[in-house]
Ligand code: GCB
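Residue numbers (this note's numbering): 281 to 896.
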C-alpha cells in the first residue's frame, strides 16, 4: 500500500506538492471548459523602455505610466486636468489576438521588448465557482494583471499557463492587461541566438475558464507499456481528497472508478477491452472519454497505442515502424505569417505532410507547437516528435536556465500526454558536448521519465564526420546517447561543409550503441523558381533535389536508421538568413515555399516515401 502514493508523487509532482511550474493550474483540455474565449479585439501599446513598469531611475512606474491601471485615463484627466498620462490603453491601437505582433504592424517585425495588451470582459461568478485565466502561450515573459492587480508572471514562450483570478473578479465589467516581453538573454530558453523569427506576443488563445470549487485540474488517460488502460486524475479544491472519480470510455463500455487519495489524486488501471482498436497513422482511432468528479466533468478524446524500442527497432503497437517524416516550424502558409495557428492553418500544413508527402511522422520543431496542431495530428494520424527549445547555446551552468527548461518541459508534457500521436519527447537540439551540458540534459531526461512512462526520449545530436583512407565516415559519439531511447542526428552533408553533393551517398555511418537512429534533419536551401539544370548551384531547386536523392541513398545504407524528418516542410522566417537574392530573411530549406509552391525536392521525398509505404 505504501508504494502507491510514492508512485503518484512521481507521476503527478504538482498535485503531490512538489510544484516546479510557475503557474498554478494545468487545466487539461482548457478549450473544452466552460468560460469565455478572450481571443478577438484587444488594444496594445509598445513600451520599449519598460516605462509601464519602472521610472527612469528604476523605481516603480508612477501614476501616469502604469499601463496595467484599470482606470479610464480620459475620465481621470477630466477630473484632474493637471494629471499627466503618457499612455491610454483604452484608446490605444487595436489588434486581434492571438497572433504575434509582427501581424499588428510591419514596423514591429524586429521589435524585441515589451508590449502591453488590454481588454474588458464581463464576469458573474456564482458563489461555488472559481475562475482561471488560461493563456495558451505568450512569448517570452508574461505579466498578467486583472483589474490592476498582478496575478502572476510566466516565462517561456510556447507552453500554457493559468492563474486563478476568482478573488480578483467583480460582477460586471473587469479588465485584463497582459505585459508581454519578448526580450531574452543568455539565460533564456532559447537564448537570443536561434534560426527562426522570435514572434513576440500572445500567439495562442486566452481563455477565462470557470470551474466548480473542486474541479478536475488534470486528467491523463493512456495505454500503458503493458497494453492496459490507465487513468490518473488530479482534483483541486477543498473537497479534492477522498472524492469519487469516474473515467468513462462509453464506446468500450469501460469505466475506471474509485476515490482520490488524500492528495486529491485518483489512479486506476484495467485490461484493454478486446474490442479496442489501437491508434495508428493508418487508422487513427480516437475514443471519447468522459472524466467525472463531483460537480465537475471534462471531455477528452484519446487514442490508445504503445511505442517501444527493441534493440535497433522502433515498435508501434508491437510492430516495427519506420518514421517517414518531415520537420515543421509553427508558421502558417502565406507571405506574412504571424504565428496565428488556427485549426485551418494547421490542417493545411499537416495535410501537405500526410497526403502530399505520404508521411506518417512530423517533428514539431523547435519548441512546443499549438495544442490545436497536436490534436489534429491525433485526428489525422501523424506520429509526433515534440520538443522544447533547448537549442544551440544555453547557459548550462545557470540555475535559472535549468529551472525554466524544466518548467517548460513539464508544461509541455502535461499538456500533451493524452495525445496518442506524440511518441517522442526531445530534450535538446544540436547542443555542444560537455560536462555541464550533459548534466543539464540528464536532468531533463530524468524529468521526462518521471512525468511520462509511455513515450520515448530523444535529442537531436551533433555527429563527427571524417574522411579516412578515402572513406567517408560519420560517427555518433555523443555520450548523451547512452541516456536516450532513440538517437537522433542532424546531418547536412553536401550543404554545410566541403563534401561535394555527388559524394553524399558514399557516407557510411557508425554507431556503438544498440539503438534506433532518426535523421532528425537534413536538407538544403532552394529558392522556389530558381533553376540550375546542372544541379551545381546552391539555392537552386535542382541542387536541393540532388541533396535529397543523395541523402536518401545514404540513408538506405544505415541499417539502424528507423526514421527521418528532413529539414523542413516550408520556408520559414529567419532574420539571420540575409542573402539578398536567395533568402531575404527566410530560411529556404522548405520543400514548399512560404506560399505553398512545391519545389522539385518535394517530389523526390514524396516518391521515396510512397515506395517505402508500398514495400511494407
Ligand atoms: C539545424 C538547426 C535548424 C536550422 C537548420 C539550418 O541544424 O537545428 O534549426 O534551421 O539547421 O537550416 O541550418
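Glycine residues also receive a C-beta, built at the ideal position from the N, C-alpha and C atoms.
### Query
So, helix, strand or coil for residue 529, using DSSP?
strand
### Query
Span of the beta strand (DSSP E) holding residue 502?
From DSSP, the beta strand (DSSP E) with residue 502 extends over 495-503.
### Task
Report whether the distance from the Cβ of residue 451 to the nearest heavy atom of the ligand GCB is below 7 angstroms.
Answer for residue 451: no, Cβ out of range of the ligand GCB.
### Task
Specify the secondary structure class of residue 579 as computed by DSSP and reduced to three states.
Residue 579: strand per DSSP, three-state reduction.
### Query
What is the DSSP secondary structure of residue 731, reduced to helix, strand or coil?
In the structure shown, residue 731 sits in a helix (DSSP, three-state: H, G or I).
#### Entry: Local conformation of residue 828 per DSSP, three classes
helix
### Query
Is it right to say residue 462 is buried, meaning 16 or more other beta carbons lie within 10 angstroms of its own, or is it exposed?
buried
### Query
Within 7 angstroms: the Cβ of residue 390 and any heavy atom of the ligand GCB?
no
### Query
So which residues put a beta carbon under 6 angstroms from any heavy atom of the ligand GCB, going in chain order?
475, 646, 709, 710, 770, 801, 847, 867 and 869
### Query
residue 804 to residue 655, Cα distance in whole Å?
30 angstroms
### Message
Residues in the same chain with beta-carbon distance under 7 angstroms from residue 877, minus the five sequence neighbours each way, listed in chain order, please.
### Response
The residues are 808.
### Query
When the distance is taken between beta carbons, is residue 668 closer than 8 angstroms to residue 698?
no
### Task
Give me the Cα-Cα distance between residue 624 and residue 522, rounded to the nearest whole angstrom.
43 angstroms
### Query
So what's residue 817 in DSSP terms, helix, strand or just coil?
coil
### Message
Can you look up residue 593 in the DSSP assignment and give me helix, strand or coil?
### Response
strand
### Query
In terms of residues, what are the limits of the beta strand (DSSP E) holding residue 461?
452-461 is the extent of the beta strand (DSSP E) around residue 461.
### Query
Could you give the C-beta distance for residue 367 and residue 384, rounded to a whole number, given that I count them as a contact under 8 angstroms?
Their Cβ separation, rounded to whole angstroms, is 16 angstroms, which puts residue 367 and residue 384 out of contact at 8 angstroms.
### Boundaries of the beta strand (DSSP E) in which residue 688 is found, first to last residue
Run containing residue 688: none in the beta strand (DSSP E); it sits in the alpha helix (DSSP H), 679-696.
### Task
Within the stretch 744-792, note down every full beta strand (DSSP E) run reaching 3 residues or more, in order along the chain.
744-748, 751-756, 766-770 and 788-791
### Query
Mind checking whether residue 769 and residue 795 have CB atoms under 8 angstroms apart?
no
### Query
Going by DSSP, which residues form a beta bridge with residue 379?
482
### Query
If you follow the beta strand (DSSP E) that residue 702 is part of, which residue opens it and which one closes it?
Unbroken beta strand (DSSP E) run through residue 702: 702-709.
### Query
Near residue 890, what residues of its chain come up, given a Cβ to Cβ distance below 7 angstroms and the 5 sequence neighbours on each side ignored?
Closer than 7 angstroms at the Cβ level, and outside the excluded window around residue 890, lie 638.
### Task
Give the DSSP-derived three-state secondary structure of residue 634 in the structure shown.
helix
### Option in 896, 866 and 827 with minimal Cα separation from residue 883
827
### Query
On the three-state DSSP scale, how would you describe residue 314?
coil
#### Entry: Alpha carbon of residue 881 to alpha carbon of residue 719, nearest angstrom
39 angstroms
### Query
Just curious, the beta strand (DSSP E) that residue 401 is in, first and last residue?
In the DSSP annotation of this structure, the continuous segment of the beta strand (DSSP E) that includes residue 401 starts and ends at 394-403.
### Own chain partners of residue 498 with C-beta closer than 6 angstroms, once the 5 adjacent residues on each side are dropped
306, 308 and 514
### Query
Which class does residue 386 belong to by DSSP, given the choice of helix, strand or coil?
helix
### Query
Sorted by chain position, which residues of the same chain lie with C-beta nearer than 6 angstroms to residue 486's C-beta, five sequence neighbours on each side aside?
318 and 415
### Task
May I ask which residues mark the beginning and end of the beta strand (DSSP E) holding residue 586?
Per DSSP, residue 586 belongs to no beta strand (DSSP E) and is neither H nor E.
### Message
Please return the same chain residues whose Cβ sits closer than 8 angstroms to the Cβ of residue 518, not counting the five positions on each side in sequence.
### Response
493 and 494
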